[in-house]
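Chemist: Going down the list, the protein sequences come from chains A and B.
Going left to right, the first sequence walks through residues 7 to 466 as this note's numbering numbers them.
Going left to right, the second sequence walks through residues 7 to 466 as this note's numbering numbers them.
Idealized CB from N, CA, C, for every residue including glycine.
Okay, handing you the structure first.
2 protein chains.
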Amino acid sequence: MTDEPLFRELRTLLGEDRVQTDPSVLSLYAQDETPRHCRPDAVLFPASHDQVAGIVRLARQAQRPLIPRGAGSGNVGGAMPAPGSWVVSFECMNHILEFRPEDRYMVVEPGVVTDDIDKLARSAGLMYAPDPGSGAYCRIGGNLAMNAAGPRCVKYGATRDHVLGLRAVLGDGREIRTGSRTSKYATGYDLTRLLVGSEGTLAMITEATLRLVPAPEQVASIRVCYDSNSAACQAVQRVMAQPILPYALEFMDRRSIDALRDFGAAEGLPARTAAVLMVEADGSRDEVVQRMLALERALSGHGMLEIQSGFSKAEMAHLWVARKSLSHAVKAIAPRKINEDVVVPVSCLDALVQSIDELGHRYRLPIVSFGHAGNGNLHVNLMVHPDDPAEMERAADCRRALVEKVLALGGSLSGEHGIGSEKRQYLPLEFDRPSLEFMAQIKSLFDPMGIMNPGKKLPD
Amino acid sequence: MTDEPLFRELRTLLGEDRVQTDPSVLSLYAQDETPRHCRPDAVLFPASHDQVAGIVRLARQAQRPLIPRGAGSGNVGGAMPAPGSWVVSFECMNHILEFRPEDRYMVVEPGVVTDDIDKLARSAGLMYAPDPGSGAYCRIGGNLAMNAAGPRCVKYGATRDHVLGLRAVLGDGREIRTGSRTSKYATGYDLTRLLVGSEGTLAMITEATLRLVPAPEQVASIRVCYDSNSAACQAVQRVMAQPILPYALEFMDRRSIDALRDFGAAEGLPARTAAVLMVEADGSRDEVVQRMLALERALSGHGMLEIQSGFSKAEMAHLWVARKSLSHAVKAIAPRKINEDVVVPVSCLDALVQSIDELGHRYRLPIVSFGHAGNGNLHVNLMVHPDDPAEMERAADCRRALVEKVLALGGSLSGEHGIGSEKRQYLPLEFDRPSLEFMAQIKSLFDPMGIMNPGKKLPD
Numbered sequence: 007m008t009d010e011p012l013f014r015e016l017r018t019l020l021g022e023d024r025v026q027t028d029p030s031v032l033s034l035y036a037q038d039e040t041p042r043h044c045r046p047d048a049v050l051f052p053a054s055h056d057q058v059a060g061i062v063r064l065a066r067q068a069q070r071p072l073i074p075r076g077a078g079s080g081n082v083g084g085a086m087p088a089p090g091s092w093v094v095s096f097e098c099m100n101h102i103l104e105f106r107p108e109d110r111y112m113v114v115e116p117g118v119v120t121d122d123i124d125k126l127a128r129s130a131g132l133m134y135a136p137d138p139g140s141g142a143y144c145r146i147g148g149n150l151a152m153n154a155a156g157p158r159c160v161k162y163g164a165t166r167d168h169v170l171g172l173r174a175v176l177g178d179g180r181e182i183r184t185g186s187r188t189s190k191y192a193t194g195y196d197l198t199r200l201l202v203g204s205e206g207t208l209a210m211i212t213e214a215t216l217r218l219v220p221a222p223e224q225v226a227s228i229r230v231c232y233d234s235n236s237a238a239c240q241a242v243q244r245v246m247a248q249p250i251l252p253y254a255l256e257f258m259d260r261r262s263i264d265a266l267r268d269f270g271a272a273e274g275l276p277a278r279t280a281a282v283l284m285v286e287a288d289g290s291r292d293e294v295v296q297r298m299l300a301l302e303r304a305l306s307g308h309g310m311l312e313i314q315s316g317f318s319k320a321e322m323a324h325l326w327v328a329r330k331s332l333s334h335a336v337k338a339i340a341p342r343k344i345n346e347d348v349v350v351p352v353s354c355l356d357a358l359v360q361s362i363d364e365l366g367h368r369y370r371l372p373i374v375s376f377g378h379a380g381n382g383n384l385h386v387n388l389m390v391h392p393d394d395p396a397e398m399e400r401a402a403d404c405r406r407a408l409v410e411k412v413l414a415l416g417g418s419l420s421g422e423h424g425i426g427s428e429k430r431q432y433l434p435l436e437f438d439r440p441s442l443e444f445m446a447q448i449k450s451l452f453d454p455m456g457i458m459n460p461g462k463k464l465p466d
Numbered sequence: 007m008t009d010e011p012l013f014r015e016l017r018t019l020l021g022e023d024r025v026q027t028d029p030s031v032l033s034l035y036a037q038d039e040t041p042r043h044c045r046p047d048a049v050l051f052p053a054s055h056d057q058v059a060g061i062v063r064l065a066r067q068a069q070r071p072l073i074p075r076g077a078g079s080g081n082v083g084g085a086m087p088a089p090g091s092w093v094v095s096f097e098c099m100n101h102i103l104e105f106r107p108e109d110r111y112m113v114v115e116p117g118v119v120t121d122d123i124d125k126l127a128r129s130a131g132l133m134y135a136p137d138p139g140s141g142a143y144c145r146i147g148g149n150l151a152m153n154a155a156g157p158r159c160v161k162y163g164a165t166r167d168h169v170l171g172l173r174a175v176l177g178d179g180r181e182i183r184t185g186s187r188t189s190k191y192a193t194g195y196d197l198t199r200l201l202v203g204s205e206g207t208l209a210m211i212t213e214a215t216l217r218l219v220p221a222p223e224q225v226a227s228i229r230v231c232y233d234s235n236s237a238a239c240q241a242v243q244r245v246m247a248q249p250i251l252p253y254a255l256e257f258m259d260r261r262s263i264d265a266l267r268d269f270g271a272a273e274g275l276p277a278r279t280a281a282v283l284m285v286e287a288d289g290s291r292d293e294v295v296q297r298m299l300a301l302e303r304a305l306s307g308h309g310m311l312e313i314q315s316g317f318s319k320a321e322m323a324h325l326w327v328a329r330k331s332l333s334h335a336v337k338a339i340a341p342r343k344i345n346e347d348v349v350v351p352v353s354c355l356d357a358l359v360q361s362i363d364e365l366g367h368r369y370r371l372p373i374v375s376f377g378h379a380g381n382g383n384l385h386v387n388l389m390v391h392p393d394d395p396a397e398m399e400r401a402a403d404c405r406r407a408l409v410e411k412v413l414a415l416g417g418s419l420s421g422e423h424g425i426g427s428e429k430r431q432y433l434p435l436e437f438d439r440p441s442l443e444f445m446a447q448i449k450s451l452f453d454p455m456g457i458m459n460p461g462k463k464l465p466d
């Protein structure tokens with residue numbers, strides 16, 4: 007009850023309904039997609055930049071951690087509350103503030119659902135290129151925090167590549183604007199891209215100016231089945247060595263195909279299929295035809311069992327059925343997945359997939375790998391039973407061995423999910439001590455009291 | 007002579023010939039393309055990352071400013087020595103350390119000439135997209151420092167968009183690596199893009215991992231003549247509102263055409279020509295034909311006098327003759343140009359060009375404007391006689407009025423040249439005090455002693 011005066015101040019600032027301390031509400035905001043939880047002391051729903059600035063001011067006075075939150079759809083604990091924290095949910099800051107198709111940008115609040123940005127852009131022949139799998143419900147603020155990406159990013163780049171400028175409240179209470187509304191900029195220090203991907207540990211973003219690109223007139227799909235992981239990985243490398251960039255280049259490994267079979271969702275695939283690539287081309291109608299031919303040429307080779315193309319919506323949907331079933335099929339293997347999101351140079355993909363197979367054998371774990379192969383970015387899912395401590399211990403050892411392998415291949419811990427609370431213990435494997443210390447100093451400069459999303463991104 | 011012990015230490019570190027204190031050498035490094043000069047105390051030619059780290063160590067001990075320098079081709083005083091400073095010339099760090107076409111990246115030292123990067127990339131069907139006008143002699147370190155760009159950037163983005171990772175020595179002597187060699191990355195704070203465009207005020211970059219893109223199979227050119235600046239600007243806006251991104255979209259204003267006429271280099275242009283656009287399309291052979299048609303459609307409209315296309319090298323060269331003569335033609339107007347490099351949202355280009363005309367009349371100055379119109383980025387050249395103090399005063403007032411207009415249109419001080427020593431007095435017009443103070447704190451974090459390129463980028 008000692009917090010009541012604080013909550014009164016917050017209610018004065020935000021309005022009665024925008025400060026929630028009811029246990030049932032707190033429980034709803036106690037976790038993201040990570041299987042851990044911690045109840046915050048309050049959930050706040052600011053409606054404006056000024057209200058966010060007010061929240062930071064009060065949190066600094068009261069020394070309370072602030073946990074910014076979009077849809078809570080992240081899977082690395084980026085929105086996991088800390089003890090005694092206030093969750094700042096951006097659900098009510100969901101307005102598109104400005105749309106200038108002639109200048110190819112849109113200014114949005116952090117609570118706007120990602121797909122809504124793309125939809126509005128398409129009404130003017132443009133698109134917002136980054137396409138996380140959660141696009142239908144995730145919010146752009148979370149995408150900005152984690153530098154989210156998706157299949158299209160193999161051609162168009164990730165969230166960071168599509169932000170022109172930001173408005174933000176730093177952890178020290180300062181309010182800044184970064185970047186510009188122009189498509190070129192060589193004036194100030196680039197704080198825009200520093201804040202993107204900083205996982206709410208430096209500042210709360212209250213507005214973002216997003217860069218839009220021309221929407222393709224048409225997209226077409228290819229599904230290719232191979233008799234081994236290696237044959238599929240080599241095809242990925244061939245595609246990325248020729249000039250036509252695919253609109254998507256997605257991989258499912260042997261274990262994924264096994265899971266689909268067990269789930270009854272592999273009907274259309276040739277019997278000997280051990281790996282599948284889903285590939286897309288985009289462009290004008292004429293361009294798409296030419297590009298499909300070029301991609302099909304690159305995809306064809308040793309170990310290919312079947313290649314099918316789809317140009318109509320119905321054909322494309324048919325080809326994607328297996329891939330769309332994968333998430334459910336994987337869930338049937340074991341009750342929990344530990345989802346790594348590693349990335350390697352694309353020429354090392356084959357070696358990575360082979361290593362993952364070996365790790366699965368060594369640690370006696372089913373490991374299902376799929377993802378954005380054109381970027382060398384795999385989602386490596388260790389399937390576990392959380393109530394089996396021996397298995398959980400093997401999984402922990404396996405994760406570390408995986409990370410070590412990825413780094414030995416010249417890769418990085420995360421391609422698109424970020425670090426959050428779940429991977430920060432591995433950062434010292436990727437960065438030397440001076441670099442980590444320097445990152446901690448950057449954090450201290452933005453957030454001297456350490457109230458911004460503590461326990462995320464950086465190791466202790 | 008009191009510096010002799012220091013120079014001995016530097017010679018031990020770098021080698022006898024790599025520490026130059028001869029007045030004739032010092033004079034060579036006393037200026038960049040800005041018409042001011044200041045002789046440094048020494049010019050150093052490090053050959054490795056470790057030697058750069060050693061230089062920073064000694065400079066910290068001796069409290070000497072360090073002025074990093076590529077080719078000295080910048081025009082905002084970015085490489086201008088400070089009194090008592092040591093110029094660090096990267097001419098000898100000119101090695102390409104790694105080229106992995108299969109992973110579409112190249113690791114280079116900062117002294118590599120920009121065009122050499124592109125040439126090597128093209129040997130494998132790739133290109134390094136940023137194409138500053140000085141590409142034949144400028145060095146990539148300078149491009150990284152200033153976030154350089156060029157005509158292709160309207161489609162492909164500027165230097166910052168093509169850097170995956172860096173190795174650098176900070177002003178506090180720390181040595182860090184940033185980013186990764188992968189095409190996606192969501193692990194550490196993005197220090198890569200913070201260092202790009204920081205103009206040597208935070209760190210010295212010793213290695214850069216550059217992203218490469220597929221080289222287009224073909225490029226073709228269009229030259230379009232209009233009867234007014236406004237007609238040309240409206241055509242630019244039409245091009246940027248349709249889906250085909252040009253490979254280049256360059257503008258020459260009425261004053262540019264006048265200068266070409268006076269110089270005898272406007273022969274091929276229709277008599278009533280008052281503005282010209284140079285436009286390019288790239289892609290496969292089939293794509294280029296389609297794209298040229300789409301661009302020609304968008305370029306056609308009110309006030310167009312003539313449109314000519316060229317597909318062969320000879321035809322393209324012919325179309326570009328006038329544009330390539332412009333630099334010489336402009337020099338004939340007055341002995342000095344004050345080159346602003348402003349950028350506005352492309353929908354404001356027409357308004358900007360009109361304002362520039364008004365400013366020319368109000369301040370009685372010839373102002374020649376041309377540049378990367380697809381990005382809303384104009385090089386605005388105030389032509390002056392430096393020995394006419396009244397004219398120079400009018401020019402100073404005119405510059406300020408120009409900057410104010412650009413900012414009122416939602417633009418920014420610099421699109422690609424950077425701030426250097428020459429524009430920093432205008433930063434308080436673009437940024438509020440908290441933002442400027444915060445940038446100064448960023449600078450202090452990287453460079454607590456203030457030895458890294460002092461007097462650049464930030465106001466005093």
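Quick check on the burial criterion: 16 or more other C-beta atoms within 10 angstroms. Buried or exposed for glycine 307 of chain B?
Modeler: exposed
Chemist: Excluding the 5 residues flanking isoleucine 73 of chain A on each side, which residues of the same chain have their C-beta closer than 8 Å to its C-beta?
Modeler: Pro46, Ala85, Met86, Pro87, Ala88, Ser91, Trp92, Val93, Val94, Gly206 and Asn459
Chemist: Does the structure place the region 169 to 177 of chain A close enough to the region 209 to 217 of chain A that three or more beta carbon pairs sit under 8 Å?
Modeler: yes
Chemist: If you draw a straight line from the alpha carbon of alanine 446 of chain B to that of threonine 165 of chain B, how long is it in whole angstroms?
Modeler: 23 Å
Chemist: Quick one: is the Cβ of aspartate 438 of chain B within less than 7 Å of any heavy atom of the ligand COA?
Modeler: Looking at this structure, you won't find the ligand COA or any other ligand, since it has none at all.
Chemist: Grouping DSSP H, G and I as helix and E and B as strand, with all else coil, what is leucine 201 of chain A?
Modeler: Helix at leucine 201 of chain A.
Chemist: Going by C-alpha to C-alpha distance, which of B/Phe96, B/Asp109 and B/Ser129 sits closest to glutamate 4 of chain B?
Modeler: Missing from the structure shown is residue 4 of chain B; chain B here goes from 7 to 466 and no further.
Chemist: Can you pull the chain A neighbours of glutamate 436 of chain B, defined as C-beta to C-beta under 8 Å?
Modeler: Thr193 and Gly194
Chemist: For aspartate 393 of chain B, is the classification buried or exposed, using 16 other Cβ atoms within 10 angstroms of its Cβ as the cut-off for buried?
Modeler: exposed
Chemist: Going by other Cβ atoms of all chains shown within 10 Å of its Cβ, with 16 needed for buried, is glutamate 293 of chain B buried or exposed?
Modeler: buried
Chemist: Using the Cα positions of serine 186 of chain B and leucine 413 of chain A, report the straight-line distance between them to the nearest angstrom.
Modeler: 10 Å
Chemist: Quick check on isoleucine 344 of chain A - is its C-beta less than 8 Å from some C-beta in chain B?
Modeler: Output row for isoleucine 344 of chain A: interface = no.
Chemist: So, are the CB atoms of alanine 281 of chain A and arginine 260 of chain A less than 8 Å apart?
Modeler: yes
Chemist: Let me know the secondary structure DSSP gives serine 450 of chain B once reduced to three states.
Modeler: In the structure shown, serine 450 of chain B sits in a helix (DSSP, three-state: H, G or I).
Chemist: Going by DSSP, which residues form a beta bridge with tyrosine 111 of chain B?
Modeler: B/Arg106 and B/Arg217
Chemist: Please identify, using Cβ separations under 7 Å, the residues of the region 138 to 167 of chain B that lie next to chain C, in order along the chain.
Modeler: No chain C is part of this structure, whose protein chains are labelled A and B.
Chemist: Considering only the alpha carbon of each residue, which of B/Arg400, B/Asp347 and B/Tyr369 lies closest to serine 375 of chain B?
Modeler: When each option's Cα is compared against that of serine 375 of chain B, the closest is B/Asp347.
Chemist: Give the residues of chain B in contact with glutamate 181 of chain A, contact being defined as C-beta atoms less than 7 Å apart.
Modeler: Pro440, listed in chain order.
Chemist: Less than 7 Å between C-beta atoms, sequence neighbours within five positions excluded: which residues of the same chain meet that for glycine 309 of chain B?
Modeler: Tyr232, Asp233, Ser234 and Ala237
Chemist: Are the beta-carbon atoms belonging to valine 169 of chain B and isoleucine 228 of chain B less than 8 Å from one another?
Modeler: No, these two residues do not count as a Cβ contact at 8 Å.
Chemist: What's the gap between the Cα of alanine 379 of chain A and the Cα of leucine 355 of chain A?
Modeler: 8 Å
Chemist: Does the contact criterion of 3 or more C-beta pairs under 8 Å hold for the region 134 to 146 of chain A versus the region 155 to 163 of chain A?
Modeler: yes
Chemist: Looking at C-beta atoms only, is the number of pairs between the region 142 to 149 of chain B and the region 241 to 261 of chain B that lie closer than 8 Å three or more?
Modeler: The region 142 to 149 of chain B is not in contact with the region 241 to 261 of chain B.
Chemist: Less than 8 Å between CB atoms is the rule here; does glutamine 447 of chain B satisfy it with respect to chain A?
Modeler: So, interface residue.
Chemist: Taking 8 Å as the CB-CB limit, is leucine 451 of chain B close to chain A?
Modeler: yes
Chemist: Quick one: what's got a C-beta closer than 8 Å to asparagine 100 of chain A's C-beta in the same chain, skipping five residues either side?
Modeler: Glu115, Gly117, Val118, Val119 and Arg145
Chemist: On the three-state DSSP scale, how would you describe serine 234 of chain A?
Modeler: coil
Chemist: What residues from chain B crowd round alanine 65 of chain A, counting only those whose CB sits closer than 7 Å?
Modeler: Simply none; closest approach about 19 Å.
Chemist: Given a cut-off of 8 Å on the beta-carbon distance, is the pair phenylalanine 257 of chain A and glycine 377 of chain A in contact?
Modeler: yes
Chemist: Output needed for valine 327 of chain A: all residues of its chain with C-beta closer than 8 Å, excluding positions within five of it in sequence on either side, in chain order.
Modeler: Ala271 and Gly274
Chemist: Taking C-beta to C-beta, are cysteine 404 of chain A and tyrosine 369 of chain A nearer than 8 Å?
Modeler: yes
Chemist: Any contact of the region 18 to 33 of chain B with the region 47 to 59 of chain B, i.e. 3+ C-beta pairs under 8 Å?
Modeler: yes
Chemist: Could you check what DSSP says for lysine 462 of chain B in three-state terms: helix, strand or coil?
Modeler: Per DSSP, reduced to three states, the secondary structure at lysine 462 of chain B is coil, with no helix or strand assignment.
Chemist: Counting only Cβ-Cβ distances shorter than 7 Å, please list the residues of the region 292 to 323 of chain B near chain A, keeping chain order.
Modeler: Asp292, Glu293 and Gln296
Chemist: What residue from A/Phe13, A/Phe317 and A/Ala127 has the CA that sits closest to glutamine 224 of chain A's CA?
Modeler: A/Phe317
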